[in-house]
Structure formats: structure tokens, C-alpha cells
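Numbered by UniProt numbering, the letters in the sequence shown go through residues 1 to 180 in order.
A short worksheet on the structure shown next.
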Amino acid sequence: MQWLGAPLDPMLAGLYARTGRATLGDFVLYRPGSGTDGVLDVNAGLRGQGQTPFPSCVLFGQVSNLEYYYGVVPDLADAHGVQPVLYVDVQEEPHVVPVASNVEALLHQLACFMDLLPEQSDFVPGRCSTVMFPFAAAELIAEDRALVDMMRAGRFDGLVTRDEESQRWMQQVLAASPGR
1 MQWLGAPLDP MLAGLYARTG RATLGDFVLY RPGSGTDGVL DVNAGLRGQG QTPFPSCVLF
61 GQVSNLEYYY GVVPDLADAH GVQPVLYVDV QEEPHVVPVA SNVEALLHQL ACFMDLLPEQ
121 SDFVPGRCST VMFPFAAAEL IAEDRALVDM MRAGRFDGLV TRDEESQRWM QQVLAASPGR
């Protein structure tokens, strides 16, 4: 299956075939196709801005009501078409970091992160926490060995923002990686 001129990640294709649109905590999976919350219209709108990394990725979801997006990178697909995932924050200052080696790993990380939230001092059920994924989850993300290997190999160079927060977070993930 192709969308936006690139092959669609197999996991995403399966999700769209089974669910259409879905929500996991604050994460919202866009609807397939066009229209409100449709993956095609969301991508067309953001690609039209010409800002990196939007032309290089296919956004498939976001944090509800915020400009925090998740997108796969077709140019970095492996031999099976599996694509790594970027986190793109354009709420204020742009922050772009790799967060998972594939969509399945991202969904696993989000579920694990949500399990940890009740332990946070500011946690109130049904309210936003000040602890935000992915920046508060470097150790969890570091468990994704394939992602860490891609980071070490420089596969995300040119996509990751050079701001201090993003670079510090990248170093935290690399430092927390098992077997570093």
C-alpha cells in the first residue's frame, strides 16, 4: 500500500485495516484517507509548510489537541518495509527526535509509559501530567536496540533538530542503552 508517494509501513497498514482511527491515552491515530483527522489532509497541510522533517515522513498520529506528531520515515525502511518513528514537536520551538524502530515498538513504549504515570507526584487521573513522552522516557526508549543502533549509525542525521533539549535527550537515550 502506498500513501503520499511512499510505501506505508506494514504495521500502520494493519492498524488502518483493522481500526481506522484509534486512541491510546493521549495518542490519536489519524483516520485513513482524507477529511478531518485524515492522514492525507494532515500530511498535505504540514508538508505544504516545507519545514523539516515533514517532507521526509508520513505523520500517522499526534498527541490530542497539541502539535506533537508521530511519523514514520519511508526512506529509512528496512528490507521488510518497517519504518522508524519520529516524534515531531512544533508546539513552540521545533523538536524532532527518533522514538522507535517501528510503529509496534512505539505503541509498546506508550503503553509502558502510561503504566509509569501513576507513580509521578503530579499525576491526577484524567488530567495531563508535566511528565511528557518521549523526553521523560529516555531509559524506556533506550531498550529499543534497533533504534539505538540506527541512532549510533547516524541514520537520523538531518532529521533530528540541533537544539539543546533534543541533543541532550539523544545522549540520554544512547547512555541508557543496554550494552553501550
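Beta carbons: idealized from backbone N, C-alpha and C, even for Gly.
Around the beta carbon of residue 107, a 10 Å sphere encloses 16 or more other beta carbons of the protein chains shown; the residue is thus reported as buried.
Apart from sequence neighbours up to five positions away, the residues of its chain that approach residue 93 with a beta-carbon distance below 7 Å are 163, ordered along the chain. When DSSP states are grouped into helix, strand and coil, residue 26 belongs to the coil group. Looking at 111, 115 and 97, the one whose alpha-carbon comes closest to that of residue 173 is 97. The C-beta separation of residue 37 from residue 47 comes to about 16 Å, leaving the pair out of contact by the 8 Å criterion.
Contact between residue 84 and residue 147 holds: CB atoms are separated by about 6 Å, below the 8 Å threshold. A direct Cα-to-Cα measurement between residue 103 and residue 25 gives close to 16 Å.
Per DSSP, residue 96 is one residue of the beta strand (DSSP E) stretching across 95–100. Following the DSSP letters along the chain, one finds residue 113 in no beta strand (DSSP E) but inside the alpha helix (DSSP H) bounded by residues 103–116. Assigned with DSSP and collapsed to three states, residue 86 falls in strand. As the crow flies, the alpha-carbon of residue 158 is around 9 Å from that of residue 52. Our two residues, residue 73 and residue 58, have alpha carbons roughly 7 Å apart in a direct line. If you ignore the 5 residues before and after residue 80, its C-beta comes within less than 6 Å of no other C-beta in its own chain. Contact between residue 170 and residue 101 does not hold, since the beta-carbon distance rounds to 15 Å and is not under 8 Å.
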